[in-house]
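Here's the structure we're looking at; comments come further down.
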Amino acid sequence: HLQSLKETKKIEREVTMPRSSLSIMKAHRHLLLSVKTFVCNIEDNLEVYFSLFDGDNERFLSDRFVMYLDKEVLPDVAENLSSEKTKTLFTDLGRKTFAKELFIVCQVIRTGHMHTELSPKKKHSPNFRRPFACGVFSVQENIDHDDDHFGEDRPFFVPLFPCTNEANFHNMHEDLIRKFLNKSSTSVVDGMSMSASLKVFNGDRARIIGANPLWIPADICVARKLGFPEVILPGDIRNDVFVSLERGEFERGGKSAGRNVEVTVSVLLSNGTVVENCVYAGSGSRGSNEYNSLILYHNNNPNWNETFKLNIPTDKFHDSHVLFVFKHCPTTSHVREKGKKVFGFAFLRPLRTDGTTLVDGGHHLVFYKTSLLDSKNPGKYLAYPSSVADLAWVENEHGLNNSAKSSKEAFFVSTLICSTKLTQNLDLVGLLRWRQHKRKIPEVLDSLVRVRGDEIMKFLQDILDALFAILNEDTETSGMLVFNNLIFIINLLLETKYQQFQAVLNTYISHHFSAALAHRHIVPLFNKVMSIGKGKDGSDVVKVAKSLHYVIKFIMQSWALNIRTQPGKSDLEFKSSVRELFAKLNEAMERNGDGWRGTQSAILLNLPKVYKDLSSVFNDDELADMLKDLFCSARSSSLISSKLNFLDGLITTSPLFHNESSRVTLMPLVLNCLHQQLLQKNELKTCADILGNLLSCLSKVTNGSVNDEVEQISKSLLQVVFQAVVAVDRTSPRAGKYVAILYTLLKMMSEDNYQSYLKSFENQKDLRDFLNKAFGVFTNLLRRNIYADDWFVMKIEGNYVILGAVQNFSQALTDNFLHEDAFDYQLWSTYFHLAIAFVSHEILDVHKYSEAKRMKILEKYGDMRHVMGFELVRMWNSLGGLQSNFIPSMIAPFLEMTLVPEPVLRQETLPLFYDMMDKEMKNSGNIKKVEEEFVDKLDVFLSKDGLGDEEYKELFEQILTEKITRNKELMKPGVLFVNSVVQLLERLLDYRKVSSREEYRDMKMGCIVNLLNYYEEKGKEDMFLRYVNKLYDLHLSAENYIEAGFTLFLYASCLEFEDYQLKEEGDFPAQTERARKEMLYKKAIELLDKGKLWESAIRICKTLIHEYEMEVFDFIKLSEMLQLQATFYENIITTHRVEPIYFRVGFYGKTFPSFLQNKQFVYRGRPVEKIGEFCFRIQREYPDAEVLRHNNPLNEERMLSNKPYIQCCKVDPISDNSSIPRDVNYRIS
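The numbering of the sequence shown is the working numbering, which starts it at 6 and goes up by one.
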């Protein structure tokens, strides 16, 4: 279990493996089949075969797994048999396999009598293999999987169907699959079924087996793919011949019924020796000397469709042949005692005379009669052709003994050879057997380019071994040809189709490559090719450049092997040869012309892949100098993308930036290139990757300080990084990357780095421009979210970096821009806005987090709002008399900052308003400017933004009053200002408490009236009209049409009949003041008409009549208004109106808002509303209050009580009719 745990952790770490290893893992998938139960009521023994089947192309994909069962182990086979007998692992499947309609076919063969009704308990019971049943199940439907992780083991039920027509048993599975795909129903036979489970694994087979002992037993049967996997690893040696018995056509042999044909298959050598234990019925079976086919009852044209495997040793392959013997199996007992009768045979040679293997596919074999069969002397029949196709190659067919073969009988098989040692390609055979034909080596090497890529991948290790062996033995004659073939193979691996095999090549170089002297030959050959470009010998310098990384890997590995055999040998000669190679690369980089651009790009692209290999021989300083020379040789502007990728690889894959001396050599290359590209806003993505990797690399340096490097980076790139942050699209992924780079660089800068950087500016103008840009970028980052909402750590870390940067940059403000001749209002204003945006940032409000999270933040960062607030106050105080420049522009930002709900911050920043009042008083003799701006913005922040609270009101009054009373000149106006602001705060807070509650509608009206009184007193017409609109909306929603009409009349009274143009506002379009006043009057008339208060509507009509008649002379409108007025007069006389009911309501107690506290109001009730209904309606708005129905005055104790009281009673209006004549209609009076 401990070993299993270690293996599991190793597999989990594969997510960080190199891409080549991951490609192997994804290319290798394995399917675990576990059989749980097998239900079958039969006395005979059973052979159960499982195979993967491609439903799309209707072909088998894997070797067969065989499970041998008898009645003693049924039905719970998983409990009665060891796990290696009930489980198999289908391997080498790959992604493409799972993209198909994949099925597992289960074929059941019984062994015993020809018929099941015969008793198997008799002595000498025959062992006939007979078709019995078949079942199929879909792989996709029985596993839960996503891209790379597959679900848990889930047992499922599989029905089995008996074979009712054994002549069709060979394709019975296809019929079942067809019905499954067509959703056709199939009758299930009771008593025949099985249950199984499937699970998929990814990765190396040996590692998977070792890591999952509970799932996969160590000695599990492995059913390999029919063919090769997507990636063939070195060391994966196979020599399998899969033979399928397809069908036969036989004569009756003088019998009335057909024969019971059995085919016995064995492998023999030319001397008649049987190759032992090389025949396998499937995985799970032991190797045997022969294979016996199915027997189809009385069938002269049997279709078997059986596949078995021959594992012939490689050294016996060339001398072996497969012998097929045909026998008739009698069923009657007296004949059966004589044994099976042989009536013919056929044979097949797996290896052809030219050294290539038998071609995959079907073969029509010649049927020979028994007279020619002599197993002890196979030469007797081996002289004859084995297949019908071979007959055409025989020089004199008539010379054959035609009596030995039967032209009326036929036998068909198909073969598939999966061998990593033998091939069907003649050119490849010539290369692999080059020692036997040394004179033909140039011809053999020339022919390799004609071999299909699939074949080369299959024999990659053997081909490379042969090439390097030839190189060592015959360099002068064949060296360039070998080199060209090596380049050809590497370029083949670089193609998309064969990319996954690069992992195989890497494994070969590191574990199987053995040519210790190859470097002596490869380097001169490489130099020669790079010198001549494309020569007569077919070398192509571009292809060589694309293969550069593998060429260098071969060179370095060859030297490593050489050192192992000769310990202590000097490496000077080898280093010199590698330097010569780099000199040739430098020459190639210096060449001009489009023809060399591809070569130069390939060199820059591939060199980063071998930094680790080169560093095994060269020290960091030597390697840095070599790479610097090569980089500087690339002067073409068209190579900028390749040069950037070169630098990125240099940083990420080499150890050079971890060493101080090599870092000093290479740093200027990186910084100059990045500065140029960022300045021109080119290659922004690549530049971000490089700079990010550089900073990450420096942050991991443990041996020594990187202060000098950070200073270099900041002086070279800090400004252009700020520009990039500004220029990049905020919606693109690059935005987040550049911001992270900016944060990282600023965080790495020490205080000395900051000071050195600020002193590096040549003049104040450049410094001012930089500070303006930096402060602006910081402000923008605080106000706009670059990162996702759940990236809390990144956000708060960014704020911490900004705080540190602002603290360092602010010193430059006081040192350079504080004196009057150098003072810059815009720069200081930008700084203050940044500080305020920081303090107001919602993520820094630690009180909204849980206790644990809050403590963790405070422990690591402290309350950053305090630090920035104190810094702002310090900077403000340093301004002295220059503070006047920020009145009134900074009042609103400072007010927003002081409203942040943090007591310490408020106490520190509220005195800023005293400074403003003091400066304004000294400059203009009053504080009117401060008061007006403060009042205007206070309403916005409290009512719209929801800022401010009772604590703020108390602190504002306490702190400012304390400071103002010490200043005699400011005391009187200052106290008035403070009192006025406190009053406004009270009213705004009261209004905010009830503004969001629909049930507090009457209270909201009272709050608005209270605010209207305040703004009317202060002459704040804009604010006054804004709340008039709110009051109108409330009355309208409550269907208080009369009050709504009077509210609009109040709005209109603030306007004049002038042609001054007004802006669009709410529901009002942009129009003249005259038009808006007219619109308001008409709307008020309409509402008063709706409320049946025609007397007031007539008064407004008269105002409009005068305007139309005497001012604008619009007689059409005049006539319309006169008609409307006449209608109102008529309504007064003719329409019955219900008298309104009025109630006096008093609010007593200290818990009511200030505008209600201990005050009385007259309410107009609804038509015919009774006092009980009215009291219920009032109490619903004030549920905590006690309603008093009496009319007695309340004592002082209740008026000062913390308990709220409401006193309600009905009142009647008293009308003064003394001036109205007695004969006037009562409706008018």
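By construction, the Cβ of each residue, glycine as well, lies at the ideal position given by its N, Cα and C atoms. Since we're looking at a predicted model, the values are computed, not measured.
Starting from residue 56, trace the beta strand (DSSP E) in both directions and tell me its first and last residue.
The sequence position of residue 56 within the sequence shown is 51, counting from 1. Looking at the DSSP string, the run of the beta strand (DSSP E) that includes residue 56 is 50-59.
Would you mind giving the Cβ-Cβ distance between residue 609 and residue 567, rounded to the nearest angstrom? I have them listed as a contact below 8 Å.
As a working mapping, residue 609 is identified with position 604 in the sequence shown. As a working mapping, residue 567 is identified with position 562 in the sequence shown. In fact, because the Cβ distance is near 29 Å, the residues do not count as touching under 8 Å.
Ranges of the alpha helix (DSSP H) found wholly within the stretch 780-864, counting only runs of at least 4
797-821 and 830-844
Closest residue to residue 1116 among 1098, 1079 and 35 (Cα-Cα distance):
What you label residue 1116 is simply residue 1111 of the sequence shown in a count that begins at 1. Minimum Cα distance to residue 1116 is reached at 1079.
How would you label residue 975, buried or exposed, when you count the other beta carbons within 10 angstroms and need 16 or more for buried?
Looking up residue 975 in the sequence shown gives position 970. Label assigned to residue 975: buried.
Please list, in chain order, all residues of the same chain as residue 108 whose beta carbon is under 7 Å from its beta carbon, the five residues on each side excluded.
As a working mapping, residue 108 is identified with position 103 in the sequence shown. Once the five neighbours on either side are set aside, the close Cβ partners of residue 108 are 58, 60, 141, 142, 143, 144 and 182.
If you measure between the beta carbons of residue 229 and residue 67, is that distance less than 8 Å?
Start at 1 with the first residue of the sequence shown, and residue 229 comes out as number 224. Start at 1 with the first residue of the sequence shown, and residue 67 comes out as number 62. Yes, the Cβ-Cβ distance between residue 229 and residue 67 is below 8 Å.
In angstroms with no decimal places, state the Cα-to-Cα distance between residue 315 and residue 455.
In the sequence shown, counting from the first residue as 1, residue 315 sits at position 310. In the sequence shown, counting from the first residue as 1, residue 455 sits at position 450. Their Cα atoms are separated by approximately 30 Å.
Quick one: what does DSSP say residue 254 is sitting in, helix, strand or coil?
Start at 1 with the first residue of the sequence shown, and residue 254 comes out as number 249. In the structure shown, residue 254 sits in a strand (DSSP, three-state: E or B).
Residue range of the unbroken beta strand (DSSP E) whose run includes residue 423
One-based indexing of the sequence shown puts residue 423 at position 418. Residue 423 -> beta strand (DSSP E) spans 415-424.
Residue 919: which of 784, 971 and 139 sits nearest, CA to CA?
To locate residue 919, count along the sequence shown from 1; it is residue 914. The residue with the shortest Cα to Cα distance from residue 919 is 971.
If you check the beta carbons only, do residue 249 and residue 391 fall under 8 Å apart?
Counted from its first residue, the sequence shown places residue 249 at position 244. Counted from its first residue, the sequence shown places residue 391 at position 386. For residue 249 and residue 391, no; Cβs fall outside 8 Å.
Could you give the distance in angstroms between the alpha-carbon of residue 1103 and the alpha-carbon of residue 1094?
For this step, residue 1103 is matched to residue 1098 along the sequence shown. For this step, residue 1094 is matched to residue 1089 along the sequence shown. When rounded, the distance between both Cα atoms is 10 Å.
Between which two residues does the alpha helix (DSSP H) containing residue 136 stretch?
Translated into the one-based positions of the sequence shown, residue 136 becomes position 131. First-last for residue 136: 133-143, but that is the beta strand (DSSP E), not the alpha helix (DSSP H).
To the nearest angstrom, report how far apart residue 216 and residue 694 are at their CA atoms.
Within the sequence shown, residue 216 is the residue found at index 211, counting from 1. Within the sequence shown, residue 694 is the residue found at index 689, counting from 1. Going by the C-alpha atoms only, they are around 37 Å apart.
Name the DSSP bridge partner or partners of residue 637?
In the sequence shown, the residue the question calls residue 637 occupies position 632. BP columns for residue 637 are empty, so no partner.
When the Cα atoms are used, what is the spatial distance from residue 36 to residue 311?
As a first step, residue 36 is located in the sequence shown; it is residue number 31 there, counting from the start. As a first step, residue 311 is located in the sequence shown; it is residue number 306 there, counting from the start. When rounded, the distance between both Cα atoms is 22 Å.
Is the separation between the beta-carbon of residue 271 and that of residue 294 shorter than 8 Å?
Numbered from 1 along the sequence shown, position 266 holds the residue referred to as residue 271. Numbered from 1 along the sequence shown, position 289 holds the residue referred to as residue 294. Yes, the Cβ-Cβ distance between residue 271 and residue 294 is below 8 Å.
Residues of its chain near residue 561, where Cβ-Cβ distance is below 6 Å and the 5 sequence neighbours each way are ignored:
Position 556 of the sequence shown, counted from the start, is the residue given in the question as residue 561. Closer than 6 Å at the Cβ level, and outside the excluded window around residue 561, lie 618.
The stretch 1050-1060 in contact with the stretch 1004-1016 per 3-pair CB rule at 8 Å:
no
Between which two residues does the beta strand (DSSP E) holding residue 1169 run?
Mapped onto the sequence shown, residue 1169 falls at position 1164. Unbroken beta strand (DSSP E) run through residue 1169: 1164-1169.
If we count the other Cβ atoms within 10 Å of its Cβ and call it buried at 16 or more, is residue 282 buried or exposed?
Taking the sequence shown and counting its residues from 1, the one referred to as residue 282 is at position 277. The residue is exposed, with fewer than 16 neighbouring Cβ atoms inside 10 Å.
Where residue 674 sits in the DSSP three-state scheme:
The residue you call residue 674 lines up with position 669 of the sequence shown. In this structure, residue 674 counts as helix in the three-state DSSP scheme.
For residue 362, is the classification buried or exposed, using 16 other Cβ atoms within 10 angstroms of its Cβ as the cut-off for buried?
Within the sequence shown, the letter at position 357 stands for residue 362. Per the 10 Å Cβ criterion, buried.
Spatial neighbours of residue 447 within its chain, please: C-beta separation below 8 Å, excluding the five flanking residues on both sides.
Your numbering for residue 447 matches position 442 in the sequence shown. 482, 483 and 486.
Tell me which residue opens and which closes the beta strand (DSSP E) that residue 5 is part of.
Any property of residue 5 remains undetermined from this structure, which presents the chain solely from 6 to 1234.
Would you identify the three-state DSSP class for residue 323, choosing helix, strand or coil?
As a working mapping, residue 323 is identified with position 318 in the sequence shown. Coil.
DSSP state of residue 1151 mapped onto helix, strand, coil:
In the sequence shown, counting from the first residue as 1, residue 1151 sits at position 1146. Here residue 1151 sits in strand by DSSP.
What whole-angstrom Cβ distance do residue 537 and residue 556 have, given they're in contact under 8 Å?
On the sequence shown, position 532 is the one that residue 537 refers to. On the sequence shown, position 551 is the one that residue 556 refers to. No, residue 537 and residue 556 are not in contact; Cβ-Cβ is about 16 Å, not under 8 Å.
Please report how far the alpha carbon of residue 910 lies from the alpha carbon of residue 611, in whole angstroms.
Stepping through the sequence shown from its first residue, residue 910 is reached at position 905. Stepping through the sequence shown from its first residue, residue 611 is reached at position 606. The alpha-carbon atoms of residue 910 and residue 611 are separated by roughly 58 Å.
Out of 514, 500 and 213, state which residue places its alpha-carbon closest to the alpha-carbon of residue 467.
Position 462 of the sequence shown, counting from 1, holds the residue named residue 467. The option with the nearest alpha carbon to residue 467 is 514.
From residue 463 to residue 233, what distance separates their C-alpha atoms?
Translated into the one-based positions of the sequence shown, residue 463 becomes position 458. Translated into the one-based positions of the sequence shown, residue 233 becomes position 228. Taking the straight line from one Cα to the other gives about 8 Å.
From 1119, 33, 334 and 277, pick the residue whose C-alpha is nearest to that of residue 101; which is it?
Locating residue 101 in the sequence shown gives position 96, where the first residue counts as 1. Of the listed residues, the one whose Cα sits closest to residue 101 is 33.
If I measure Cβ to Cβ from residue 1187 and keep anything under 7 Å in the same chain, skipping five residues before and after, which residues do I get?
The residue you call residue 1187 lines up with position 1182 of the sequence shown. Contacts found: 1209 and 1211.
Return the chain-ordered list of same chain residues with a C-beta closer than 7 Å to the C-beta of residue 720, the five sequence neighbours on each side being excluded.
Residue mapping note: residue 720 aligns to position 715 of the sequence shown, counting from 1. Once the five neighbours on either side are set aside, the close Cβ partners of residue 720 are 762 and 765.
Just to confirm the assignment: which complete beta strand (DSSP E) runs, minimum length 3, are found wholly within the stretch 1077-1159?
1147-1153
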